[in-house]
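When you line the sequence shown up against our numbering, it's residues 14 to 267, in that order.
By construction, the Cβ of each residue, glycine as well, lies at the ideal position given by its N, Cα and C atoms.
A quick write-up on the structure given underneath.
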Amino acid sequence: GDVAGFAAATGMRGIGYVQMPTTLLAMVDSSIGGKTAINLPAGKNLAGAMHQPAAIFCDLDYLASLPDEEYRSGLAEIIKAALIAERSFADWLSANISAVLSRKPCAIREAVARAIGIKAAVVARDPNEAGERAILNYGHTVGHSLERAVGFGNIRHGRAVAWGMEVAARISLLAGACTPATVEAQDTLLRDAGLLAERPAVPHAKLFDAMSHDKKSQSGEPRWVLLREIGRADYGRWVDPSIVRAALAEVLPE
């Protein structure tokens with residue numbers, strides 16, 4: 014979808030296109046909002062354009078054929094949407110995670126529809142990512158850096174984002190933005206979803222180097238999305254690097 018969208022955005026100075034996502038990740042995240050991009054050796058999504066699709070069609074029957082790891086990758090983005098924007102959705106996921114993991118149609122439909130609704134509402138308020146839309150990057154600063162550090166394709170995007178959310182939650186706690194109970198609630202949801210089964214081992218120097226190339230960085234320093242409570246987050250926050258190091262040491266020890 015990203016490649017097709019980028020081709021449509023650049024071909025003949027922009028042509029129309031339709032998104033027909035066939036993975037859970039694409040249905041709830043990458044197909045929505047008009048962001049089109051490709052990766053470069055220096056980082057994730059560094060060449061791209063904003064180009065809205067003419068339409069998006071999601072056929073949930075495609076999800077039956079997804080490998081478990083790919084399915085869980087999309088589930089990370091669903092959980093992210095709940096964590097940053099809707100406490101009631103997070104509570105629903107906690108109560109129904111087994112049904113979602115077993116791909117029961119009614120549970121999938123509910124989870125996908127609510128995640129799409131959250132992202133679509135944010136994008137409608139900030140289509141060009143001038144402000145609030147940055148909240149959708151919760152977990153992605155470290156997540157994208159993990160993908161770059163271990164090599165694109167060597168870790169699923171959703172799993173990288175899940176570990177990125179774990180780091181971001183610890184940063185939020187150490188920065189005084191949230192309580193230990195909030196962090197524990199996130200931990201439990203991600204663990205129950207099977208997204209924290211394998212802890213990646215990456216030198217922190219590689220992660221900091223990758224974060225300095227993050228497209229949201231200012232003067233080489235990332236701006237963070239911090240969790241305030243389940244269902245509410247802040248965006249555009251500068252954090253002392255010592256706090257980031259402490260969070261990385263706790264979540265992703267070298």
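How about residue i and residue j: do their beta carbons lie closer than 8 Å?
i	j	result
Glu82	Arg212	no
Glu179	Val238	no
Gly177	Val155	yes
Gly61	Ile51	yes
Cys191	Arg241	yes
Gly152	Ala181	yes
Leu220	Ala143	no
Leu187	Ile91	no
Arg127	Val136	no
Val41	Val113	no
Leu203	Leu209	yes
Tell me which residues share the same chain as residue i and place their Cβ nearer than 7 Å to its Cβ, disregarding the 5 neighbours each side in the sequence.
i	result
Ser225	Gly233
Glu160	Lys57, Ile168, His170 and Ala173
Phe19	Thr49, Ala50, Ile51, Gly61 and Ala62
Thr23	Ala62
What separation, rounded to the nearest whole angstrom, lies between the Cα atoms of residue i and residue j?
i	j	result
Asp270	Asn109	Look at the range of the chain in this structure, 14 to 267, and you will see that residue 270 is not part of it.
Asp247	Val196	15 Å
Lys229	Leu106	29 Å
Val252	Asp74	43 Å
Ala175	Lys57	16 Å
Gly29	Ala67	6 Å
Ala260	Ala194	16 Å
Ala206	Arg245	20 Å
Arg26	Asp200	45 Å
Leu53	Leu59	6 Å
Ala218	Pro254	12 Å
Ala262	Ile148	24 Å
Just mark residue i as buried or exposed, buried being the case when its beta carbon has 16 or more other beta carbons within 10 Å.
i	result
Val72	For the sequence presented, residue 72 should be read as Asp rather than Val. Exposed.
Asn150	buried
Arg183	buried
Val31	exposed
Ser78	exposed
Ala21	buried
Pro80	exposed
Ala55	exposed
Pro235	buried
Ser158	buried
Ala223	buried
Leaving out the 5 sequence neighbours to the left and right, which residues in its chain are closer than 6 Å to residue i when beta-carbon positions are compared?
i	result
Ala98	Ile131
Ala95	Phe102, Ala103 and Leu106
Spatial neighbours of residue i within its chain, please: CB distance less than 8 Å, with the 5 preceding and 5 following residues excluded, ordered by chain position.
i	result
Pro118	Leu73
Gly47	Gly18, Met63, His64, Gln65, Pro66, Val136 and Pro140
Ser43	Gly14, Asp15 and Pro34
| task | Please determine if the stretch 37-53 and the stretch 86-94 are in contact, where contact requires at least 3 C-beta pairs separated by less than 8 Å. | result | yes
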